[in-house]
Amino acid sequence: MPAAWTSLTIHESLDALRSGAVTASALVEAYLARIAALDPTLSAFLTVTVDAARAQAAAVDERIRRGEALRPLEGMPLAVKDVLCTHGVRTTCGSKVLGNFVPPYDATAVVRLVALGAIVLGKTNMDEFAMGSSTENSGFFPTRNPWALDRVPGGSSGGSAAAVAADLAVAGLGTDTGGSVRQPAALCGVVGLRPTYGRVSRYGLIAFASSLDQIGTLTKDVHDAALLLEAIAGHDPMDSTSADQPVPDYRAALGQGARGLTLGIPDEYFVAGLDPEVEGAVRDAIAVLERLGARTRRLSLPHTDYGVAAYYIIAPAEASSNLARYDGVKYGPRAAGAKDVVTMTARTRAEGFGPEVKRRIMLGTYALSAGYYEAYYGRAQRVRTLIRRDFDRAFAEVDAIVAPTAPTPAFKLGEKTDDPLAMYLNDVFTIPQPLAGVPAISLPCGFSAAGLPIGLQLIGRPFDETTLFRVAAAYEAATDWRSRRPGLGGLS
Amino acid sequence: MSPEEPRITREEVEHVARLARLELSPAEKERMRIQLDGILGYIEKLREVDVTGVEPTTHVIPLVNVMREDEVRPSYPVDAMLANAPEPEGDCFRVPKILEE
Numbered sequence: 005m006p007a008a009w010t011s012l013t014i015h016e017s018l019d020a021l022r023s024g025a026v027t028a029s030a031l032v033e034a035y036l037a038r039i040a041a042l043d044p045t046l047s048a049f050l051t052v053t054v055d056a057a058r059a060q061a062a063a064v065d066e067r068i069r070r071g072e073a074l075r076p077l078e079g080m081p082l083a084v085k086d087v088l089c090t091h092g093v094r095t096t097c098g099s100k101v102l103g104n105f106v107p108p109y110d111a112t113a114v115v116r117l118v119a120l121g122a123i124v125l126g127k128t129n130m131d132e133f134a135m136g137s138s139t140e141n142s143g144f145f146p147t148r149n150p151w152a153l154d155r156v157p158g159g160s161s162g163g164s165a166a167a168v169a170a171d172l173a174v175a176g177l178g179t180d181t182g183g184s185v186r187q188p189a190a191l192c193g194v195v196g197l198r199p200t201y202g203r204v205s206r207y208g209l210i211a212f213a214s215s216l217d218q219i220g221t222l223t224k225d226v227h228d229a230a231l232l233l234e235a236i237a238g239h240d241p242m243d244s245t246s247a248d249q250p251v252p253d254y255r256a257a258l259g260q261g262a263r264g265l266t267l268g269i270p271d272e273y274f275v276a277g278l279d280p281e282v283e284g285a286v287r288d289a290i291a292v293l294e295r296l297g298a299r300t301r302r303l304s305l306p307h308t309d310y311g312v313a314a315y316y317i318i319a320p321a322e323a324s325s326n327l328a329r330y331d332g333v334k335y336g337p338r339a340a341g342a343k344d345v346v347t348m349t350a351r352t353r354a355e356g357f358g359p360e361v362k363r364r365i366m367l368g369t370y371a372l373s374a375g376y377y378e379a380y381y382g383r384a385q386r387v388r389t390l391i392r393r394d395f396d397r398a399f400a401e402v403d404a405i406v407a408p409t410a411p412t413p414a415f416k417l418g419e420k421t422d423d424p425l426a427m428y429l430n431d432v433f434t435i436p437q438p439l440a441g442v443p444a445i446s447l448p449c450g451f452s453a454a455g456l457p458i459g460l461q462l463i464g465r466p467f468d469e470t471t472l473f474r475v476a477a478a479y480e481a482a483t484d485w486r487s488r489r490p491g492l493g494g495l496s
Numbered sequence: 819m820s821p822e823e824p825r826i827t828r829e830e831v832e833h834v835a836r837l838a839r840l841e842l843s844p845a846e847k848e849r850m851r852i853q854l855d856g857i858l859g860y861i862e863k864l865r866e867v868d869v870t871g872v873e874p875t876t877h878v879i880p881l882v883n884v885m886r887e888d889e890v891r892p893s894y895p896v897d898a899m900l901a902n903a904p905e906p907e908g909d910c911f912r913v914p915k916i917l918e919e
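Shown next as C-alpha cells:
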C-alpha cells in the first residue's frame, strides 16, 4: 500500500521501520512510485536521485538486518531544495546560469541529515536564487500547488513544500531569506520552520542575502520539525556565522502545552490587505490557544510596515555582491563568441539569469552605487535596527507572537508575474523576522471556502525555538487540520 | 521630486547595468527602468522614518574575526575544482583577453 506509507510523518515512519512493518527499501520505492505518478504534473523536483536513494535504502536495511541501533532519521526519504550543495548531484539553484553544476561537496545540513540515516530522494524546484514567492521564477518550470493545480505553491521553497504536501517526501529542507520556508508552508498546508539566524550552518547553501539566509524545514507536523532542527542545528567551523550555542532537546518541549505562556497579537499584522478568511482562521486559532491556557495581549510592532521597503534594499544589495561570482569562468555555461572578458561576463549573465534576478541585481547595484549608498542602503539598515527594537520590546513582555503567515491563500499561477511589487508585498508578514534575526514557524490553521490552506505564524525570541515548538505542538494537538488531504486535481 | 520626473533614468539604468556586468537589450532597459522606478517609489516610504541617531544593523549577531594557525591543510584537488568550468585548460580557467594590447 504505497499511499499509506507515504502519508506518514517521520516519527510514524520510524515506528514502522523499528517494528519491522516496513523496510527502508519499501519506503523509498513507495515514494519513488508516487513521484513517478504525480510529479510530471506537480513539478516539485528538479532532480530525482533514484539510484542513490535505492542504494542508501539498501544500506539502511542491511544495518537493520545486522541488528545495529536505528539512527534518529534512519531511512527517512527527504526532499532537499536545490539551493543546497549535494556532492556529485546536480545543483542548479533554479538557475540556468549554474546549468549542470555538480558540487564537489555537500552542504553541512545535508551531511548532518545523512549521517543520522536520512536518504536524499532528490532536489526540489525553487525560484531562481531563492528570489520569489511563487516558484514561478524558476529557470526551468513552475511548480503547482497540490491543493489546486492552477495555483502557486508559494516560494521560494515551493518545490519542497509541494513535495511534502503531496506526500512525495516525508519531509524537506528549504531556505528562508524573507519568508521562503514559511510562506510556501502556509500556501501548501504544511509546517515550515525558519530557525534563528545562526542556528543552522549555511555552509554549502548557495548565497542570496548572507545576513538573512537561513536553512529551514518543511514537515508534515511539528514533531518532525523538532526532530529535523535537532539534526541540523549547531555550530559548524565551516560557517563563522553559525552560533556556538548548545542545541536543546527540542522534542522535550512538544508535550509541555501552552498554559502559562503569554502570547502577543500585533496590531500591524491585522490590517487592510489581510484576506478576511485568513484573519478569521488566525483569530480562531488565537481563541484555541486561549482555551489551551495561554494568555494573550495586543501589542504593537510599529515599524512592521517598513519591512518590505528595507528588505528590498538590503537583500538585493547583498545579492548583487554574492551573485558577482557567476561570470562564466568557474562554472555554468559561458556565452559564446565574446572577444574580451567584460563582454563575455556581461553576456553570460544576460543569458543565464532570469528577469527577477536581473531586477534584483540592478536594484542592489543601484542602491550601493556612489551617491545613493547612504540614502538607500544606510537608511534601510537603520530602519532594520528599529524593526529589531520592535521585537526586543515585545519580547520583554510576551513569550511568543501570533500572526498570519501570508496575507492571502495561494494565488493563481501568472497572477502576479507581471507586477514585481505585488509579488514582493506577499511577504509583508514574513520579512520583519529575518531582518530582526528571530525564529518563526508556520503551521496549518484552517482552510478558505475554496479549500485552500491557511497558515498561522508563531514568532519567538532569538534561539528560543523551544517555545515555538511548545505552542505549535499544543495547537496542533488541539486541532485536526492534517486529516484533510490535498486533492491533487484528482490525480491520486 | 515631482511625479513627472523619473526616479531613475535610462542613462542610470545603462550605468548600473555596466557596473553589474549585465548586458541588457534596448527593450529590457526600458522595462527595467519602469519597474525599478516603481519599486524605488515604494521604497521611498523609508524616508518617513526618523532614523536620527539610530545605528545601522549590518548583521543580527555580533561577527568576530575567526583566526587559526597558518598551517597547510588538505584542500580539493585541482581537477575537482576545474570539473565545472566551461573552458578549463591545463590547471587553469581559460578566459578571453583581459588587458588591452
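Residue numbers (the working numbering), protein chains in the order written: chain A, 5 to 496; chain Z, 819 to 919.
Cβ atoms here follow ideal geometry from the backbone N, Cα and C, with glycine treated the same way.
Cutoff 7 Å: residue i Cβ touching any chain A Cβ
i	result
residue 903/Z	yes
residue 850/Z	yes
residue 838/Z	yes
residue 864/Z	yes
residue 914/Z	yes
residue 874/Z	yes
residue 819/Z	Because the pLDDT of residue 819/Z is 43, which lies under 50, any placement of that residue in the model is unreliable, and the question is left without a value.
residue 878/Z	yes
residue 884/Z	yes
residue 867/Z	yes
residue 841/Z	yes
residue 896/Z	no
Any C-beta of chain Z under 7 Å from that of residue i
i	result
residue 48/A	no
residue 242/A	no
residue 415/A	no
residue 388/A	yes
residue 271/A	no
residue 296/A	no
Bounding residues of the beta strand (DSSP E) (the contiguous stretch that carries residue i)
i	result
residue 395/A	Note, residue 395/A: premise wrong, no beta strand (DSSP E); alpha helix (DSSP H) at 383–399.
residue 266/A	266–270
residue 321/A	Element bounds for residue 321/A: not the beta strand (DSSP E) but the alpha helix (DSSP H), 311–326.
residue 489/A	Careful: residue 489/A lies outside any beta strand (DSSP E) and carries neither H nor E.
residue 404/A	404–408
residue 192/A	Careful: residue 192/A lies outside any beta strand (DSSP E), inside the alpha helix (DSSP H) at 186–192.
residue 445/A	444–451
Of the residues the options, the one placed nearest residue i, counting alpha carbons only
i	options	result
residue 102/A	334/A, 115/A, 412/A	334/A
residue 189/A	172/A, 214/A, 205/A, 160/A	160/A
residue 909/Z	915/Z, 895/Z, 832/Z, 917/Z	895/Z
residue 185/A	172/A, 210/A, 217/A	217/A
residue 283/A	91/A, 14/A, 413/A	413/A
residue 826/Z	276/A, 376/A, 328/A	376/A
Under 7 Å between C-beta atoms of residue i and residue j
i	j	result
residue 93/A	residue 53/A	yes
residue 409/A	residue 446/A	yes
residue 342/A	residue 348/A	yes
residue 448/A	residue 71/A	no
residue 884/Z	residue 244/A	yes
residue 141/A	residue 163/A	no
residue 352/A	residue 299/A	no
residue 262/A	residue 475/A	yes
residue 235/A	residue 117/A	yes
residue 435/A	residue 311/A	yes
residue 4/A	residue 389/A	This structure leaves residue 4/A out entirely; chain A is present only between 5 and 496.
residue 136/A	residue 360/A	yes
Classification of residue i by the beta-carbon crowding that lies within 10 angstroms, buried from 16 upward
i	result
residue 386/A	buried
residue 149/A	buried
residue 31/A	buried
residue 207/A	buried
residue 8/A	exposed
residue 322/A	buried
residue 215/A	buried
residue 174/A	buried
Host alpha helix (DSSP H) of residue i (start-end)
i	result
residue 284/A	280–295
residue 356/A	345–356
residue 916/Z	Premise fails: residue 916/Z is in no alpha helix (DSSP H) and is neither H nor E.
residue 126/A	Careful: residue 126/A lies outside any alpha helix (DSSP H), inside the beta strand (DSSP E) at 123–128.
residue 875/Z	Counting along the chain, residue 875/Z falls outside any alpha helix (DSSP H), and DSSP gives it neither H nor E.
residue 85/A	Segment 81–85 is the beta strand (DSSP E) holding residue 85/A; no alpha helix (DSSP H) there.
residue 460/A	It is not in any alpha helix (DSSP H) - residue 460/A instead sits in the beta strand (DSSP E) that spans 457–464.
residue 195/A	No alpha helix (DSSP H) holds residue 195/A; the beta strand (DSSP E) holding it covers 195–198.
Minimum Cβ-Cβ distance from residue i to chain D less than 7 Å
i	result
residue 334/A	Among the chains of the structure shown, chain D does not appear; the protein chains present are A and Z.
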